[in-house]
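Novice: I have a structure here, written as structure tokens, and I will follow up with some questions on it.
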Amino acid sequence: MRKPTRLIAFGAAGTMAAALAVPALADAPTDTTQFRDAVTVEGVRDHQAALQAIADANGGTRASSTPGYDASVDYVTDTLIDAGYQVSQQEFDYELFVVNAPSVLDPTSPDQAPYVDDEDFIVMEYSGEGDVTAAVQAVDLTLPPTAAPSSTSGCEAADFAGFTAGNIALMQRGTCTFREKADFAAAAGAVGAIIFNEGQEGRTDLLSGTLSPPQAGIPVVGTTFEVGNEIAGLAASSLTVRLATDVEVRPATTTNVIADSTSGRTDRTLVVGAHLDSVLEGPGINDNGSGSAAILETAEELAELGGTRNAVRFTFWGAEESGLIGSQHYVDQLAARDLKNIRAYLNFDMVGSPNFVRFVYDGDGSAFGVSGPNGSGHIEQTFVDYFASQELASEPTQFDGRSDYDAFINAGVPAGGLFTGAEGVKTAEQAATYGGTAGLAYDPCYHQACDTFANNSDTGLDQMTDAIAHTTLLFAQTKSAINGTGEATTKLGEASFRGHVAVK
Ligand SMILES: [Zn+2]
1 MRKPTRLIAF GAAGTMAAAL AVPALADAPT DTTQFRDAVT VEGVRDHQAA LQAIADANGG
61 TRASSTPGYD ASVDYVTDTL IDAGYQVSQQ EFDYELFVVN APSVLDPTSP DQAPYVDDED
121 FIVMEYSGEG DVTAAVQAVD LTLPPTAAPS STSGCEAADF AGFTAGNIAL MQRGTCTFRE
181 KADFAAAAGA VGAIIFNEGQ EGRTDLLSGT LSPPQAGIPV VGTTFEVGNE IAGLAASSLT
241 VRLATDVEVR PATTTNVIAD STSGRTDRTL VVGAHLDSVL EGPGINDNGS GSAAILETAE
301 ELAELGGTRN AVRFTFWGAE ESGLIGSQHY VDQLAARDLK NIRAYLNFDM VGSPNFVRFV
361 YDGDGSAFGV SGPNGSGHIE QTFVDYFASQ ELASEPTQFD GRSDYDAFIN AGVPAGGLFT
421 GAEGVKTAEQ AATYGGTAGL AYDPCYHQAC DTFANNSDTG LDQMTDAIAH TTLLFAQTKS
481 AINGTGEATT KLGEASFRGH VAVK
């Protein structure tokens, strides 16, 4: 049985006060100063420059199933082989969602100007293809919205009791997934679906979501609250719209890169991962060239140490942007014994955002109420303590399944990681603490063509890279259990995100 005191000792490793309190048999904290000096932000930037050059030579993208991704895989593979790792490329099949042409949402009776694609509305990922003109019928809407998100619009078959087959279903974001809404609507005979943002503060913007594979049977778009509310008002008397999507799902193959150290205890393996793919829209040098480059630099310097106590595996995931597919595939195909040998998973997805905050995944659920498996809290505390030791503030960010740790925590592996922010907007309080610009997105180029080599904060990236180096070496050398209490894994609620895209 493992005692809680060991958890405290482990979590506080590196601080003088805690070191004095550590029982004699507990793990001595590893001094990571030299290692952090060896892992440099210049080294990380060099790898990002290489990824930018790959994007430049391949149509400006490194999305999975593009030549830019394959070149990224080759670059990472070669670098890790040169560093002395045992490297494998793991191929897997998935369903790639492709938008062939802009979508249409056009009120035809009463006739109105068409809504603007990518501004007023956007096709949901894994939407069906189609071109329909039909009456819009509202499904169990809550207008005006209640104070807290709670709409169950389209979440149960009973919502469609009075639904006229052949109509387009108008639904509101809420408690269930977009997929559930779309499937209930299709089962009720809807020929299309419009799902609008729910309407509370923070839930009014364009609703860009994913239905997750397989492809839905009917066209489905998300809209802003304003547009949805307007359509609901018009539909209350009578409204016909044309809804058209030109999309397809193609079978595709892509690759994870997995690099194992050649020494260390394999029954206590530390896995350190980052997704290597970008979105189609851009080169993805912050998302997630930054995480990829930071762990690549860390891997190279770790190899220079000539061996660690525990085995370390660096992983570079494909098809994260299509819904965490590479990391899920990896965990799914692991034998039970191999999964058990993984003692912790560290994830780094966006660590160089230009308007950064030092976010740490809320592994213990203290801030957002959802915790990871036992040990996730210790990993969180290790990052928090490290930043504190450098007199740097940090704050928790939701551990909500929005990146590749999702498959690991669902399989009971303790996990944690860092994040410098994506499309979220910096508060005045955060600007006072971290610098940067209040009222501006953490990464104004998130998922855009401008996510280039220039889309970066050297300061933020440097601080994050040091924290990555520190934590990687600490867990690579620890004799302590990371999985602390031996109690059952906390089961997470249904995640709101699959990859970077909302599912509900
Ligand atoms: Zn990412």
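Counting from 1, position 192 in the sequence shown corresponds to residue 192 in our numbering; the numbering is continuous, with no gaps. For glycine and all other residues, C-beta sits at the position ideal for the given N, C-alpha and C. Bear in mind the structure is a predicted one, so any value in this text is a computation, not a measurement.
Which first and last residues belong to the alpha helix (DSSP H) in which G233 is found?
Specialist: By 1-based counting over the sequence shown, the position of residue 233 is 233. Segment F225 to S237, the alpha helix (DSSP H) holding G233.
Novice: Between which two residues does the beta strand (DSSP E) holding F475 run?
Specialist: Within the sequence shown, the letter at position 475 stands for residue 475. Note, F475: premise wrong, no beta strand (DSSP E); alpha helix (DSSP H) at D458 to Q477.
Novice: Nearest-angstrom Cα distance between Y442 and T164?
Specialist: Working through the sequence shown from its first residue, we reach residue 442 at position 442. Working through the sequence shown from its first residue, we reach residue 164 at position 164. Spanning the two alpha carbons is a distance of roughly 44 Å.
Novice: For A49, collect the residues of the same chain with a Cβ closer than 8 Å to its Cβ; drop the 5 residues on either side in sequence, then sort them by chain order.
Specialist: Counting from one through the sequence shown, the residue named residue 49 turns up at place 49. The answer, listed in chain order, is F453.
Novice: I think D349 touches S263, with their Cβ atoms under 8 Å apart; what is that distance to the nearest whole Å?
Specialist: Mapped onto the sequence shown, residue 349 falls at position 349. Mapped onto the sequence shown, residue 263 falls at position 263. Actually they do not touch by this definition, with Cβ atoms about 28 Å apart.
Novice: What residues does ligand 1 have around it, judged by CB closer than 5 Å to any heavy atom, in chain order?
Specialist: Qualifying residues, in the order they occur: D287, N288 and D349.
Novice: With burial defined as no fewer than 16 other Cβ atoms inside 10 Å of the residue's Cβ, what is the status of L440: buried or exposed?
Specialist: Along the sequence shown, one-based indexing puts residue 440 at 440. So L440 ends up on the exposed side.
Novice: Going by Cα to Cα distance, which pick from V501, D400, A169 and K181 is closest to Y446?
Specialist: Numbered from 1 along the sequence shown, position 446 holds the residue referred to as residue 446. When only C-alpha atoms are compared, the closest one is V501.
Novice: Give the range of the alpha helix (DSSP H) segment to which L296 is assigned.
Specialist: What you label residue 296 is simply residue 296 of the sequence shown in a count that begins at 1. It spans G289 to E304 - the alpha helix (DSSP H) in which L296 sits, taken as one unbroken run.
Novice: Three or more C-beta pairs closer than 8 Å, one from the segment 146 to 166 and one from the segment 263 to 278: is that the case here?
Specialist: No, because fewer than three Cβ pairs between the segment 146 to 166 and the segment 263 to 278 fall closer than 8 Å, the two stretches do not touch.
Novice: Between A148 and T420, what straight-line distance do the alpha-carbon atoms span, to the nearest angstrom?
Specialist: The sequence position of residue 148 within the sequence shown is 148, counting from 1. The sequence position of residue 420 within the sequence shown is 420, counting from 1. Approximately 27 Å between the Cα atoms of the pair.
Novice: Could you pull the start and end residues of the beta strand (DSSP E) that T315 belongs to?
Specialist: One-based indexing of the sequence shown puts residue 315 at position 315. First-last of the beta strand (DSSP E) with T315: N310 to W317.
Novice: Can you tell me which residues form a DSSP beta bridge with D117?
Specialist: Here residue 117 refers to the residue found at position 117 when the sequence shown is read from its first residue. Answer is F121, bridged to D117.
Novice: Can you have a look at E320 and say buried or exposed, based on whether 16 or more other CB atoms are within 10 angstroms of its CB?
Specialist: Working through the sequence shown from its first residue, we reach residue 320 at position 320. Buried, since its Cβ has 16 or more Cβ neighbours within 10 Å.
Novice: For P23, is the classification buried or exposed, using 16 other Cβ atoms within 10 angstroms of its Cβ as the cut-off for buried?
Specialist: As a working mapping, residue 23 is identified with position 23 in the sequence shown. Summary for P23: the model assigns pLDDT 37, below 50, so the residue's position carries little reliability, and this model does not support an answer.
Novice: Could you check if P102 is buried or exposed, using at least 16 other CB atoms within 10 Å of its CB as the buried criterion?
Specialist: Here residue 102 refers to the residue found at position 102 of the sequence shown. It is exposed - the Cβ of P102 has fewer than 16 other Cβ atoms within 10 Å.
Novice: So what's P107 in DSSP terms, helix, strand or just coil?
Specialist: As a position in the sequence shown, residue 107 is number 107, starting the count at 1. Here P107 sits in strand by DSSP.
Novice: What's the gap between the Cα of V470 and the Cα of V123?
Specialist: The residue labelled residue 470 in the question sits at position 470 within the sequence shown. The residue labelled residue 123 in the question sits at position 123 within the sequence shown. Note that residue 470 is His in the sequence shown, not Val. If you take the alpha carbons of H470 and V123, they lie about 42 Å apart.
Novice: At what residue ranges does the segment 325 to 406 contain a whole run of the alpha helix (DSSP H), taking only runs of 4 or more?
Specialist: Fully enclosed alpha helix (DSSP H) runs of 4 or longer: 325 to 333, 336 to 340 and 376 to 389.
Novice: Distance, Cα to Cα, F359 vs L324?
Specialist: One-based indexing of the sequence shown puts residue 359 at position 359. One-based indexing of the sequence shown puts residue 324 at position 324. So the alpha carbons of these two residues sit roughly 20 Å apart.
Novice: Grab me the residues of D246's own chain with a C-beta within less than 6 Å of its C-beta, minus the 5 sequence neighbours each way, in chain order.
Specialist: On the sequence shown, position 246 is the one that residue 246 refers to. N100 and A101.
Novice: State buried or exposed for S237, treating a residue as buried only when at least 16 other CB atoms are found within 10 Å of its CB.
Specialist: One-based indexing of the sequence shown puts residue 237 at position 237. The residue is exposed, with fewer than 16 neighbouring Cβ atoms inside 10 Å.
Novice: With a Cβ-Cβ cutoff of 7 Å, do T204 and F225 count as a contact?
Specialist: Here residue 204 refers to the residue found at position 204 of the sequence shown. Here residue 225 refers to the residue found at position 225 of the sequence shown. Contact: yes.
Novice: Put L20 into one of helix, strand or coil per three-state DSSP.
Specialist: Position 20 of the sequence shown, counting from 1, holds the residue named residue 20. Low local confidence applies: a pLDDT of 36 at L20 is under 50, so the model's placement there is unreliable, with the coordinate-based value given in what follows. Three-state result, L20: helix.
Novice: So what does DSSP say about N256, is it helix, strand or coil?
Specialist: Sequence index remark: in the sequence shown, residue 256 carries index 256 (1-based). In this structure, N256 counts as strand in the three-state DSSP scheme.
Novice: Are T79 and L296 touching if we call contact CB-CB under 7 Å?
Specialist: To locate residue 79, count along the sequence shown from 1; it is residue 79. To locate residue 296, count along the sequence shown from 1; it is residue 296. Cβ atoms of T79 and L296: closer than 7 Å.
Novice: According to DSSP, what are the bridge partners of D131?
Specialist: For the purposes of this step, residue 131 is identified with residue 131 of the sequence shown, where counting begins at 1. Paired residues: A244.
Novice: Evaluate D588 with the Cβ neighbour count: other Cβ atoms within 10 Å of its Cβ, from every protein chain shown; 16 or more gives buried, anything less gives exposed.
Specialist: Look at the range of the chain in this structure, 1 to 504, and you will see that residue 588 is not part of it.
Novice: Smallest Cα separation from T427: which of Q398, L473, V357 and E180?
Specialist: Counting from one through the sequence shown, the residue named residue 427 turns up at place 427. Nearest C-alpha to T427: V357.
Novice: Give me the Cβ distance between A259 and F314, rounded to the nearest whole Å; I'm assuming they're in contact under 8 Å.
Specialist: Residue mapping note: residue 259 aligns to position 259 of the sequence shown, counting from 1. Residue mapping note: residue 314 aligns to position 314 of the sequence shown, counting from 1. Rounded, the Cβ-Cβ distance is 5 Å, consistent with contact.
Novice: Could you tell me the alpha carbon to alpha carbon distance between V503 and Q200, rounded to whole angstroms?
Specialist: Residue numbering aside, residue 503 sits at position 503 when the sequence shown is read from its first letter. Residue numbering aside, residue 200 sits at position 200 when the sequence shown is read from its first letter. The alpha-carbon atoms of V503 and Q200 are separated by roughly 18 Å.
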